[in-house]
Amino acid sequence: MSAYRSWAYRPAQRQAAVRPTWREASLPSSQPILPFGNGRSYGDSCLNSAGVLIDSRSLDHVIEFNRETGRIRCESGLLLDALHRITLPAGWFVPVTPGTSYVTLGGALANDVHGKNHHRDGCFGNHVCAFELCRSDGSRIVCSPSSNELLFSATIGGLGLTGFVSWVEIQLLSVESSTMDVNTSVFYGLEEFMALSAQSHDSHQYSVAWLDCVSSGKNFGRGIFIQANHSSQHVPVAERPASSGLPVPVDFPGWALNSVTVKAFNELYFHKHRLMSLGDSIQDFRSYFYPLDSLQHWNRIYGSGGFYQYQFVVPTVNTEALTEILNRIVDSGQGSFLAVLKQFGAVRSPGLMSFPMEGPCLALDFPNKGRKTLQLMDELDAIVTAAHGCVYPAKDNRMSAAAFKQYFPQVDEFVHHIDPAFSSDFWRRVSD
Ligand SMILES: Cc1cc2nc3c(=O)[nH]c(=O)nc-3n(C[C@H](O)[C@H](O)[C@H](O)COP(=O)(O)OP(=O)(O)OC[C@H]3O[C@@H](n4cnc5c(N)ncnc54)[C@H](O)[C@@H]3O)c2cc1C
1117 MSAYRSWAYR PAQRQAAVRP TWREASLPSS QPILPFGNGR SYGDSCLNSA GVLIDSRSLD
1177 HVIEFNRETG RIRCESGLLL DALHRITLPA GWFVPVTPGT SYVTLGGALA NDVHGKNHHR
1237 DGCFGNHVCA FELCRSDGSR IVCSPSSNEL LFSATIGGLG LTGFVSWVEI QLLSVESSTM
1297 DVNTSVFYGL EEFMALSAQS HDSHQYSVAW LDCVSSGKNF GRGIFIQANH SSQHVPVAER
1357 PASSGLPVPV DFPGWALNSV TVKAFNELYF HKHRLMSLGD SIQDFRSYFY PLDSLQHWNR
1417 IYGSGGFYQY QFVVPTVNTE ALTEILNRIV DSGQGSFLAV LKQFGAVRSP GLMSFPMEGP
1477 CLALDFPNKG RKTLQLMDEL DAIVTAAHGC VYPAKDNRMS AAAFKQYFPQ VDEFVHHIDP
1537 AFSSDFWRRV SD
């Protein structure tokens, strides 16, 4: 038994796990089974307290890399961080990346992760050429957009429930350097955010905003808008080596984060950007894409009680729901400093259970204050549901079975592709 936990730091569990070191290894005989990537999911979709995890992290080899075309086939436990060390010197970058480089390819596929370029390039699944799926009946099925299409579609965003992905083949993005041309501006209110996103759509491959979820009155809905393109300039910028940041050594005490400290942080962060970093700059790709990776185990700042992350999207036609939710969060005084706002685009993913839809998407942390935090998220669920939006399972620890079915009506089709030997804590909760 080993300790496994998800990123939101709760619940910590001792779990039965196997760690295969070669792709052809057979699946464990005890059940239920669940693949485990690097535990960067915030909730319980990567945990399986009633069964056994297949920890993929020793399957971390590149199988084939065509430096001319940028097509790469890797074992599923390879981290994006390790991938970039191999591909960037040859001028290739992962086509879609989440806000941390410490995710595995298998985890990126199973949650069909999105990045700051969703408005242009869709999800990770849009760039998957093929993968091998190992099922509990011993079969190994190669899936692609043109072979075993239904399993291909069900496995992308399929939360690890359709089988174990042993390798993944993706098409990388050609880049001229490892630096980014970044432009930063300030906005006041959600309408200004929407206008900036619309303007940025054609001019910038990447865009994202930090939103102040604490301030009210004239500062309601203010934020920092950051748009970027891969740079063609080989300018030496202070490169931050991966994992260079100081680790947070211990759990912070629960009182360290309260509405006063969070408000103070938000003021400081907003004004630092307003005064010091507006306009154009050149940044190393790690500082741009993975700012949080520089503080190892930053999740410990929430203390041993952990936190919840809540991430939702609402369709563009119902964006007033975003204002309603932001009002509710500000009123509650429970908002944290990590609120990320992004306008998703219209590119559809091949993933049957994929989370994104065209519209604004907000992700923020709530320090765990027990029942009052759960109650707030239930209220937010009601607004998201009424707006025909969706909550992201990769970040979830508490959504009800009823809410899940409303967010993912396609689940009736999905269940036919689940491997009967596979399950997770998340799945047992939402399929009740
Ligand atoms: C700081 C931070 C920023 C983030 N930013 C974003 C973001 O911008 N966009 C976004 O979409 N997500 C984001 N995330 C969430 C994260 O990208 C996803 O949860 C990702 O799927 C985690 O990958 P992992 O390798 O850690 O997998 P895990 O969390 O261990 O597992 C995730 C899922 O994948 C399944 N799985 C893992 N390996 C395999 C396999 N080999 N075969 C089949 N199934 C498998 C698991 O069963 C589980 O259901 C962020 C997380 C953090 C901590």
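According to the working numbering, the sequence shown is numbered sequentially starting from 1117. Think of the CB as a built atom: it goes at the ideal place given N, C-alpha and C, for glycine as much as any other residue. Just so we're clear, the structure is a prediction, and the values are computed from it rather than from any experiment.
CB contact flag (residue i, residue j, <8 Å)
i	j	result
His1243	Pro1214	no
Leu1175	Leu1150	no
Thr1434	His1504	According to the sequence shown, residue 1434 is Asn rather than Thr. Yes, these two residues count as a Cβ contact at 8 Å.
Asp1297	Asp1396	yes
Gly1241	Gly1273	yes
Leu1196	Val1219	yes
Thr1300	Ile1257	no
Gly1222	Gly1153	yes
Thr1101	Leu1408	With the chain represented from 1117 up to 1548, any question about residue 1101 goes unanswered, as that position is not in the structure.
Asp1535	Ser1252	yes
Leu1492	Gln1522	no
Tyr1508	Phe1471	yes
Phe1309	Leu1457	yes
Ala1070	Asn1415	In the structure as shown, the chain begins at 1117 and stops at 1548. Residue 1070 is therefore absent and cannot be evaluated.
Ala1517	Ser1547	yes
Ile1188	Leu1249	no
Tyr1404	Ala1344	yes
Ala1166	Pro1148	yes
His1320	Gln1459	no
Option in the options with minimal Cα separation from residue i
i	options	result
Ser1255	Pro1261, Leu1267, Cys1245 and Thr1295	Leu1267
Ser1452	Ser1252, Leu1194, Arg1444 and Asp1481	Asp1481
Gly1339	Gln1315, Ser1348, Ser1316 and Gly1305	Gly1305
Asp1541	Thr1137, Gly1159, Leu1143 and Ser1142	Gly1159
Asn1164	Arg1236, Leu1275, Gln1459 and Phe1530	Leu1275
Ser1172	Ala1166, Trp1414, Cys1162 and Phe1181	Cys1162
Glu1307	Ile1398, Ser1157, Leu1327 and His1389	Leu1327
Ser1146	Val1302, Ala1537 and Trp1543	Ala1537
Ala1510	Leu1438, Pro1148 and Gly1155	Gly1155
Asn1227	Pro1525, Pro1466 and Glu1495	Pro1466
Leu1496	Leu1438, Cys1239, Gly1421 and Arg1139	Leu1438
Leu1384	Arg1402, Ser1331, Phe1460 and Phe1401	Ser1331
Cys1506	Pro1476, Phe1530 and His1532	Pro1476
Ala1479	Arg1464, Leu1454 and Gly1461	Leu1454
Gly1186	Asn1264, Arg1139, Pro1136 and Glu1285	Glu1285
Glu1265	His1533, Phe1336 and Met1515	His1533
Phe1247	Ala1198, Glu1191 and Leu1199	Glu1191
Asn1484	Arg1130, Ala1498 and Tyr1418	Tyr1418
Phe1401	Tyr1322, Cys1259, Cys1239 and Gln1315	Tyr1322
Ala1498	Glu1440, Ser1313 and Tyr1406	Glu1440
Gln1129	Glu1140, Ser1260, Pro1136 and Met1117	Met1117
Phe1336	Ser1263, Val1302 and Ala1198	Val1302
Ala1314	Glu1474, Tyr1406 and Leu1199	Glu1474
Cys1329	Phe1386, Leu1312 and Arg1135	Phe1386
Buried versus exposed, by CB contacts within 10 Å (16 or more), residue i
i	result
Ala1270	buried
Ser1348	exposed
Met1469	buried
Ser1122	buried
Val1500	buried
Asn1233	buried
Gly1333	exposed
Cys1245	exposed
Trp1283	buried
Val1229	buried
Gly1461	buried
His1350	exposed
Asp1447	exposed
Asp1237	buried
Asn1182	exposed
Leu1394	exposed
Contact with chain B by residue i, beta-carbon distance below 8 Å
i	result
Phe1303	Included in the structure is just one protein chain, with no chain B present.
Three-pair Cβ contact test at 8 Å for the stretch 1199-1211 versus the stretch 1428-1443: Taking a cut-off of 8 Å on C-beta distances, the stretch 1199-1211 does not touch the stretch 1428-1443, as fewer than three cross pairs fall below it.
Segment contact flag, the stretch 1279-1293 with the stretch 1483-1498, C-beta cutoff 8 Å, min 3 pairs: no
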